[in-house]
Amino acid sequence: MRTCDLAVIGGGIAGLAAAWRAHGRGLDCVLFEAARAVGGKMRSERKDGYLIEHGPNSFLGSAAPLWRLIDGVGLTDAVIAASKPSTRYIYRNRCARKLPMDPVSLLAGDYLSAWGKARLLAEPFVPGGAQESDTAWQFAQRRLGTEAARYLMTPFVSGVYAGDVHQLGARDAFPKLWNCERSGGSMTIGAMTAPPAQTDPHEKELPARRGMFSFREGLGALPKAMAQALPTHS
613 MRTCDLAVIG GGIAGLAAAW RAHGRGLDCV LFEAARAVGG KMRSERKDGY
663 LIEHGPNSFL GSAAPLWRLI DGVGLTDAVI AASKPSTRYI YRNRCARKLP
713 MDPVSLLAGD YLSAWGKARL LAEPFVPGGA QESDTAWQFA QRRLGTEAAR
763 YLMTPFVSGV YAGDVHQLGA RDAFPKLWNC ERSGGSMTIG AMTAPPAQTD
813 PHEKELPARR GMFSFREGLG ALPKAMAQAL PTHS
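For reference, each letter of the sequence shown is one residue, going 613 to 846 in our numbering.
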């Protein structure tokens with residue numbers, strides 16, 4: 613009978629990350645996955661000349677641990693930056709509505725109702741209440757209001773995490789924003805008063821990047837590379 617230090621059930625990105633971290637610490641780890649391929653929701657395919665994402669479609673450039681992982685599995689050269697869009701839209705009431713790209717459209721656009729925009733702009737004056745148990749929805753609703761949480765934050769979470777805002781933890785999904793509220797009482801005040809981020813001296817320091825990123829073959833390239841980098845067992 614084979615023995616190991618750690619058994620990981622599920623080869624989604626969380627399971628792969630756990631196995632990768634265990635391997636990096638010298639543990640004998642075995643990963644179990646029922647599907648034919650690893651990755652879970654993080655899956656990409658090319659079809660009829662198009663690259664289709666079945667789950668998340670991008671990741672934030674500010675995610676330092678993810679950059680270290682990408683570097684560790686040798687995918688750095690496959691990263692591509694998202695082109696800055698001239699317009700972004702949300703679908704609301706059976707109509708595509710343009711998101712604000714400047715102060716004028718922030719006030720004049722029809723992406724939210726007048727009340728929804730007023731509530732969004734009032735964020736600095738809303739009392740803080742960050743809790744360890746906050747979901748992404750609870751956090752966004754408290755800070756930005758119900759309308760903005762539904763029509764702005766929810767699409768963003770779907771694109772980055774392919775997850776349910778009512779189940780994702782705010783502290784894990786938006787650590788900087790959550791910490792801003794925790795320390796400053798609001799995202800705006802917290803961002804203005806936050807001290808410089810501290811880096812772990814034991815971690816490899818990589819240059820900070822801004823914006824959204826993916827890979828030439830889609831985000832599905834990451835779980836594939838992680839699985840290939842992990843040792844196999846007979």
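Using N, Cα and C, we set each Cβ at its ideal position, and we do this for glycine too.
Check	Outcome
By a C-beta neighbour count over all protein chains shown, 10 Å radius and 16 as the cutoff for buried, is N669 buried or exposed?	buried
Using the rule of at least 16 other Cβ atoms within 10 Å of the residue's Cβ for burial, across every protein chain shown, is R745 buried or exposed?	The displayed chain sequence assigns Ser, not Arg, to residue 745. Counting Cβ neighbours within 10 Å, S745 comes out exposed, since fewer than 16 surround it.
Take A693 as the anchor and find which of D640, A708, F827, L842 has the nearest alpha-carbon.	F827
Look at the alpha carbon of R851 and the alpha carbon of E665, and state the distance between them as a whole number of angstroms.	For the chain, the structure presents residues 613 to 846; residue 851 sits outside this window and is missing.
By a C-beta neighbour count over all protein chains shown, 10 Å radius and 16 as the cutoff for buried, is R762 buried or exposed?	buried
Tell me whether S826 sits in a helix, a strand or coil according to DSSP, three-state version.	strand
State the CB to CB distance for the pair L732 and G771, rounded to an integer number of angstroms; the pair is presumed to be in contact (CB under 8 angstroms).	That belief does not hold up - the Cβ atoms of L732 and G771 are roughly 19 angstroms apart, past 8 angstroms.
If we count Cβ pairs, one from each stretch, closer than 8 angstroms, do we get three or more for the stretch 639-657 versus the stretch 790-806?	no
Ends of the beta strand (DSSP E) at E665?	662-665
Check each candidate in V642, I625, G638 and name the one with the smallest Cα separation from T844.	V642
How many whole angstroms separate the CB atoms of V685 and A841, which I take to be in contact at a CB cut-off of 8 angstroms?	5 angstroms
Taking the alpha carbon of G823 as the point to measure from, which residue in I702, S674, V716, S795 has its own alpha carbon closest?	S674
Rounded to the nearest angstrom, what separates N705 and R637 at their Cα positions?	51 angstroms
Does the distance from the C-beta atom of M765 to that of A785 stay below 7 angstroms?	no
Using the beta-carbon count (16 or more within 10 Å), is L639 buried or exposed?	exposed
Nearest to R633 by alpha carbon, out of M654, L681, L672, G623?	L681
Indicate whether G622 and V650 have their beta-carbon atoms separated by less than 7 angstroms.	no
Might you give, ordered along the chain, the residues of its own chain that have their beta carbon closer than 7 angstroms to the beta carbon of L780, omitting 5 neighbours on each side?	T747, A748, V769, Y773
Among A760, A708, K710, Q743, whose alpha-carbon lies nearest the alpha-carbon of K729?	A760
Under 8 angstroms by Cβ, that's how I've got L672 and A837 pegged, so tell me the actual separation to the nearest angstrom.	Rounded, the Cβ-Cβ distance is 19 angstroms, inconsistent with contact.
Helix or strand or just coil, what does DSSP make of C616?	coil
Could you work out which residue in L724, L678, F825 is closest to A708 when comparing CA atoms only?	L724
Mapping DSSP to helix, strand and coil, what is A675?	coil
Checking 7 angstroms against the spacing of the C-beta atoms, do P868 and L628 come in under that value?	In the structure displayed, the chain extends from 613 to 846; residue 868 sits before or after that span and is not available.
What's the call for V656, buried or exposed, on a 16-neighbour Cβ count within 10 Å?	It should be pointed out that residue 656 corresponds to Ser in this sequence rather than to Val. Buried: at least 16 other Cβ atoms inside 10 Å.
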